[in-house]
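Here the structure is laid out as C-alpha cells; the discussion comes afterwards.
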Amino acid sequence: MLLLHLSDVDEASWAKAFQTALGDYPVVRRGDDFNPKDVHYIFVWKPKADAFEGLTELRAILSLGAGVDALLKRPDLPDAPIVRFVDNDLSQRMSDYVVAHVTMHHRQFSRFAADQKARRWAQYYPPASHETHVGIMGMGVLGQDAAKRLLPLGFKVSSWSRSAKHIEGVESYVGAEQFDAFLANTDILVNLLPLTPETTGILNAETFNKLRKGTLQGGPAIVNAARGGHQREADIVNALQSGVLGAASLDVFEVEPLPEQSALWDAPNCYITPHIAAISDERSGVRYFTQMINDHRNGLPLRNVVDRKRGY
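Going by numbering that gives the first Met the number 0, the sequence shown opens with residue 0, and the numbers climb by one from there.
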C-alpha cells in the first residue's frame with residue numbers, strides 16, 4: 000500500500016494520479032480508513048507530526064522534494080530508505096532558473112532597471128561571458144546540469160563540492176582547503192548545495208568578501224536556489240547596501256513565506272522569488288515514483304537513496 004501525506008499541495012490530485020498509474024495497488028491518503036501495518040511506501044511533502052505513526056512495515060520513504068534536510072531532523076523518522084526525487088524535469092526547471100538569473104546579473108539588468116525608473120540614459124558595458132566566472136556550490140544532479148547549460152553560453156564555470164567532480168570544461172575545487180580559492184575566482188556565486196550542518200549559513204559576510212571583485216561593475220552576485228538555511232539574511236542585506244554584493248537572487252529563505260517585515264524586500268538589487276525555482280511537476284513525480292515502486296516490488300534496488308550520514 001502507498002500512503003500519501005502531503006502538505007501545501009493538492010493531495011487529492013496526486014492520489015488520483017498515483018491510483019491511475021499503479022492500477023490495482025492500493026493508494027490511500029491520511030484520514031482514510033486503513034491499517035498502518037499495510038503501508039509499505041509513504042510519499043511525503045512537509046509531513047505532519049503524525050505522519051509515521053504505526054508504519055511498522057515501511058519499505059521506503061518517498062520524498063517529493065530533492066532536499067531532505069527537514070525529514071532527517073525528525074526524531075520519529077523510521078529506519079527505512081529515503082528516496083529523493085531526481086528527474087529530468089526537475090533538473091530542467093532548476094537550470095532554467097539558474098541560467099536566467101546568471102545572465103541577468105552578467106548583463107547588469109539591475110542597473111538598467113534603475114536607470115529606466117529614473118528616466119536616465121546611461122550606457123554600461125558588461126564583460127563578455129567568457130570573461131565572467133560562475134562558481135557553482137554543489138555538484139549533484141542539479142549542479143551538474145546547470146553547469147552544462149551555462150558552458151555553451153561562454154561562461155567560465157567552476158564547481159565546489161565535497162568530492163572531486165570531473166566535468167568537461169568545469170574547473171573543480173574540493174573541500175574546505177580550496178574554498179577560498181574557489182571564491183576568489185567567482186563573479187557570480189550559485190548555491191545548489193544540500194543543507195547539512197557543514198553548509199548551514201555558508202552564504203555569509205565572510206564568504207561575500209572573498210568573491211572576485213572588478214569584473215561586474217556593481218560587484219559580484221549570488222544566486223541561492225537551494226535552502227534558506229544556507230544564507231544569513233542580515234549579511235546579505237548589509238552586503239547589498241554596502242556594495243560588497245552587486246545583486247542577489249533568492250528563491251529560498253530562513254523563514255517561509257518571507258515575513259512582510261523582512262529587510263530583504265527593500266534591499267537594493269535583491270530579486271525575490273517564492274521558492275519556485277524547481278517546483279515538482281505532478282506528472283513527472285507520479286511517473287518517477289510509480290516506476291520506483293514497481294521496480295522495488297519486483298526485486299530491483301531503490302535508486303537515489305539518501306545517505307543519512309552525509310545528509311543527502
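Note that CB positions come from ideal geometry on N, CA and C, so glycine has one too.
For V130 and T214, which I take to be in contact (beta-carbon distance under 8 Å), what is that distance rounded to the nearest angstrom?
Position check: residue 130 holds Glu in this sequence, whereas Val was assumed. Going by Cβ atoms, the distance from E130 to T214 rounds to 6 Å, so yes, they are a contact pair.
Simplified DSSP assignment, three categories, for V67
coil
Take the Cβ of T206 as the centre, count every other Cβ of all protein chains shown within 10 Å, and call the residue buried at 16 or more, exposed below.
buried
Hey, is the segment 243-259 in contact with the segment 281-296, meaning 3+ C-beta pairs nearer than 8 Å?
no
Sort T185, V304, L71 and L1 by Cα distance to P136 and report the nearest one.
For clarity, residue 136 is Met in the given sequence; the question names Pro instead. When each option's Cα is compared against that of M136, the closest is T185.
Euclidean distance between Cα positions of H132 and N293:
44 Å
Within a Cβ cutoff of 8 Å, which residues of the same chain sit near Q216, ignoring the five residues on either side of it in sequence?
Q107, R110, Y123, P125 and G245
Local Cβ density within 10 Å of G375, reported as buried at 16 or more and exposed below that:
Residue 375 lies beyond the range of the chain shown here (0 to 311); nothing can be said about it.
Spatial neighbours of F154 within its chain, please: C-beta separation below 6 Å, excluding the five flanking residues on both sides.
S128, T131 and V133
Mind checking which residues open and close the beta strand (DSSP E) that includes Y311?
Run containing Y311: none; DSSP gives neither H nor E here.
Taking the C-alpha atoms as reference points, what is the distance between A277 and K116?
31 Å
Indicate whether F33 and V26 have their beta-carbon atoms separated by less than 7 Å.
no
For P267, collect the residues of the same chain with a Cβ closer than 6 Å to its Cβ; drop the 5 residues on either side in sequence, then sort them by chain order.
L239
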